[in-house]
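Undergrad:
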Amino acid sequence: MKIYGVTGWKNSGKTGLMERLITHFTAQGLKVSTVKHTHHGVDLERPGTDTHRHRQAGAQEVILASSARVSILHELRDDDEPRLADLIDRLTPCHLVLVEGFKGASHPKVEAHRKATGEDLLARSNNTIHAVASDTPLPDIDAPVFDLNDTDAIATFIARATGLAPRQQTKLANDCFALPPGVTWTPVDDALATLKDRLAPVVATENVAVASATGRILSADHHAARSNPPGANSAVDGYGFAYGSLPQTDPITLPLTDGRSAAGAPFSESVPPSHALRILTGALLPEGVDTIVLQEDVHIEHNQLTFPAGIKPGANARAAGEDVRKGALALPAGHKLRAPDIALLSALGVPDAKVFARLRVGVLSTGDELAEPGTTANPARTYDANRPMLLSLIESWGYASVDLGHIPDDRDALQNALDDAANKTDVILTSGGASAGDEDHVSALLQDTGSLHHWRIAIKPGRPLALAQWKSTPVFGLPGNPVAALVTTLIFARPAFSVLAGGSWLTPQVITLPAAFTKSKKAGRREYLRARLTYDGQVEAFKSEGSGRISGLSWATGLVELPDEAAEIVPGTPVRYLPYSGFGIT
Ligand code: AMP
Ligand code: MG
């Protein structure tokens, strides 16, 4: 547990600072406890209440417990006032203990200071005070001086001093999507490297029952709480004995001991040397058994077991912890839980998983021409295909999708929608209006907020991708065209969301396969073709590269990625095939 103190004179603002620090650190997913010193005798309860009566009657410690909280009241009477260290020992383990008061104790502290108190700084004479949080500048102090209200700066100082790693980065740097000056067309790999470098988890952490944690991302390393298997046991149904006590004969004959060892019902006595015991699969090996002969390989007559010589020492026995030892790393932080991982954690006695809260991804469509599928026959209207596609993709990635609806090409409506979205989502995915044309309101609005960065990525399909922050919530502005919207989502949004959600940067699965098509490609941008596996393991490309051809997306089983450079593809040329399944499209 890390310990840091807040001290100061009366009315210096120390409790307010404590309060803000507690809020700050708990919002980062840290468990925080506090110890507060006071000079006068305090009573937490009114005279006449039950606990007061218990104490008055002479109880040394009284515990008041309910489903909401537990209080321990310890009467000191003639005992000495406990030292801070003893008090901290009583706390349930947590990440950070913030101590208010105790200015004479040796732990490092920040001093809260308000000029109006008229008191001189404690920091001048107390060298356990490592920083001051003051409402006025203090140029003559030999310690860092923070603005009393700049909680972020004070918390960062404390986190650095204690070596506390932040569990959650709540805000990305304001300019996290800026491209280096002079960059116009960005190669796909550079764009990906920039995203990878700038993003960090934006979600809090929580505890979830392992049984319902499928798809969640671990926020901490998880270790085995018990070994697997927990005890040495039999891998087969058969007969167990001590290998070292076997007679040197062939065949071998052993008298059978009465009783048996079954899974969940072990044999509690020991098996004498040169004797055998009936033992079933999964049963603990009793004392005196280290080797098991298969029941199919024995003959039993008159309570005597006979089997051929040649069995190996330890045959058919599983050692305790041979799979995973208690305390070993079971799964690392950042791992996304799948059904087999649920089995592993359950077997290792880990009932609850520490996970990141589900990333909330908001999806909105823009464009006056859009209509809900099936609501109009007017050929001037386009049915909104992106929003249901993106919502479905986000759900299959294990994130919480938030349907932000369809917004017309109207600046105020869009502004309201983004305000609303910033409150209830962690990242916003828009489609349409992302270019720089007259009706590209997403672009125009984000431009005015000062945080828009058009990424002219050298990719086909996919016109500029708009990356921005709206009130510090990242916004991915996708092209409206569904083919381009899907490709840019798979290539850019998928790995980015994984990092925002606390997971690792994801790269697509690539299988190099012979092409079943012909294509001549110029240098300058990377191309993604809608592609499908043929029955004989080649990849064919969709008949049209038209970016409006949604049918090709559905026809495909994946994408073919053609390099930034020029390429001449003929049947048989090896190409990079990226299956949909590798993008989590199922
Ligand atoms: P934009 O990027 O807004 O210029 O849109 C480019 C093309 O994609 C236009 O033909 C739009 O009608 C179409 N489009 C935009 N959003 C969607 C959507 N949500 N679903 C289907 N098509 C769309
Ligand atoms: Mg549009």
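Residue numbers for the sequence shown follow the working numbering, so the first one is 209 and each next one is one higher.
Yeah, the Cβ is synthetic: ideal placement off N, Cα and C, and Gly gets one too.
All figures in this text were calculated on a predicted structure; none of them were measured in a lab.
Decide if glutamine 717 is buried, meaning its Cβ has at least 16 other Cβ atoms within 10 Å, or exposed.
TA: Exposed, by the Cβ-count rule.
Undergrad: Would you call the region 512-526 and the region 535-543 touching, i.e. three or more CB-CB distances under 8 Å?
TA: With the cut-off at 8 Å, the region 512-526 and the region 535-543 do not touch.
Undergrad: Return yes when at least one heavy atom of ligand 1 lies under 6 Å from the C-beta of alanine 857, else no.
TA: The structure shown does not extend to residue 857, since the chain spans only 209 to 794, so no value can be given for it.
Undergrad: Rounding to the nearest angstrom, what Cα-Cα distance links glutamine 376 and aspartate 772 in this structure?
TA: Residue confidence is low: glutamine 376 scores 49 on pLDDT, short of 50, so the model does not pin down where it sits. No coordinate-derived value is stated.
Undergrad: Considering only residues of the same chain and omitting the five flanking positions on each side of proline 587, which have a CB-CB separation below 8 Å?
TA: So the list is empty, once near-sequence residues are dropped.
Undergrad: Identify the residues that DSSP records as bridge partners of glutamine 512: which are they?
TA: In the DSSP output, where bridge partners are listed per residue, glutamine 512 has Pro463 and Glu509.
Undergrad: Using CA atoms only, rank isn't needed, just tell me which of Gly216, Tyr788 and Ile719 is closest to arginine 332.
TA: Among Gly216, Tyr788 and Ile719, the Cα nearest to that of arginine 332 is on Gly216.
Undergrad: Going by other Cβ atoms of all chains shown within 10 Å of its Cβ, with 16 needed for buried, is glycine 685 buried or exposed?
TA: The residue in question, glycine 685, is buried, as its Cβ has 16 or more Cβ neighbours within 10 Å.
Undergrad: In chain order, what residues of the same chain have a beta carbon less than 8 Å from the beta carbon of histidine 247, not counting five sequence neighbours either side?
TA: None.
Undergrad: Hey, leucine 721 and proline 703: beta-carbon distance below 7 Å or not?
TA: Result no, Cβ atoms of leucine 721 and proline 703 do not sit closer than 7 Å.
Undergrad: Quick one: complete beta strand (DSSP E) runs, 3+ long, within the region 333-381?
TA: If we require 3 residues or more, the beta strand (DSSP E) runs fully inside the region 333-381 come out as 337-342 and 353-355.
Undergrad: Using alpha carbons as the reference points, say which of Leu281, Arg406 and Ala525 lies closest to glutamate 253.
TA: Taking only the C-alpha atoms, the option nearest glutamate 253 is Leu281.
Undergrad: According to DSSP, simplified to helix, strand and coil, what is threonine 657?
TA: Correct three-state label for threonine 657: helix.
Undergrad: Quick one: does the C-beta of asparagine 586 sit closer than 6 Å to a heavy atom of ligand 1?
TA: No - ligand 1 has no heavy atom lying nearer than 6 Å to the Cβ of asparagine 586.
Undergrad: Within 10 angstroms of its Cβ, does tyrosine 785 collect 16 or more other Cβ (buried), or is it exposed?
TA: Buried: at least 16 other Cβ atoms inside 10 Å.
Undergrad: Work out the CA separation of valine 243 and threonine 325 for me, nearest whole Å.
TA: Approximately 24 Å between the Cα atoms of the pair.
Undergrad: Taking DSSP as the reference, what is the three-state secondary structure of leucine 330?
TA: In the structure shown, leucine 330 sits in a helix (DSSP, three-state: H, G or I).
Undergrad: Between which two residues does the alpha helix (DSSP H) containing valine 396 stretch?
TA: Here the alpha helix (DSSP H) through valine 396 covers 396-406.
Undergrad: So for phenylalanine 684, helix, strand or coil by DSSP?
TA: Residue state, collapsed to three classes: strand.
Undergrad: When the Cα atoms are used, what is the spatial distance from alanine 235 to glycine 732?
TA: Each residue's alpha carbon lies about 45 Å from the other.
Undergrad: For glycine 529, verify whether its CB is less than 6 Å away from any heavy atom of ligand 1.
TA: Not under cutoff, so the answer is no.
Undergrad: Tell me, to the nearest whole angstrom, how far the beta carbon of valine 396 is from that of arginine 734; I am working on the premise that it is less than 8 Å.
TA: Going by Cβ atoms, the distance from valine 396 to arginine 734 rounds to 5 Å, so yes, they are a contact pair.
Undergrad: Pick helix, strand or coil for valine 532, following the three-state DSSP scheme.
TA: Valine 532: strand per DSSP, three-state reduction.
Undergrad: Whose CA, out of Ile337, Phe233 and Gly522, lies closest to the CA of histidine 315?
TA: With distances taken between Cα atoms, histidine 315 lies closest to Ile337.
Undergrad: By the DSSP assignment, the beta strand (DSSP E) with threonine 242 in it spans what residues?
TA: Taken as a continuous stretch (DSSP letters only), the beta strand (DSSP E) holding threonine 242 covers 240-244.
Undergrad: Got a sec? Which residues, its chain only, sit under 7 Å from phenylalanine 791 by beta carbon, not counting five neighbours each side?
TA: Leu698, Arg702 and Pro716, listed in sequence order.
Undergrad: Between the Cα of valine 532 and the Cα atoms of Ala555, Gly522, Arg546 and Ala517, which residue gives the shortest distance?
TA: Nearest option by C-alpha distance: Ala555.
Undergrad: How many angstroms separate the CA atom of aspartate 498 from the CA atom of proline 455?
TA: Using only the alpha carbons, I get a separation of about 15 Å.
Undergrad: Jot down the residue ranges of each uninterrupted beta strand (DSSP E) in the region 730-763, minimum 3 residues, whole runs only, in chain order.
TA: Counting whole runs of 3 or more residues, the region 730-763 contains the beta strand (DSSP E) stretches 734-741 and 747-749.
Undergrad: For arginine 486, which residues does DSSP report across the bridge?
TA: Paired residue(s): Tyr447 and Arg468.
Undergrad: Could you pull out every residue in the same chain whose Cβ sits closer than 6 Å to the Cβ of glutamate 192, ignoring the five residues on either side in sequence?
TA: This structure cannot speak to residue 192, because the chain is shown only from 209 to 794.
Undergrad: When the distance is taken between beta carbons, is valine 571 closer than 7 Å to leucine 673?
TA: Not closer than 7 Å, so no.
Undergrad: What I want to know is whether the C-beta of threonine 657 ends up closer than 6 Å to one or more non-hydrogen atoms of ligand 1.
TA: No, since every heavy atom of ligand 1 falls outside the 6 Å radius drawn around the Cβ of threonine 657.
Undergrad: Using the Cβ count rule (16 or more neighbours within 10 Å means buried), how would you classify arginine 738?
TA: Buried: at least 16 other Cβ atoms inside 10 Å.
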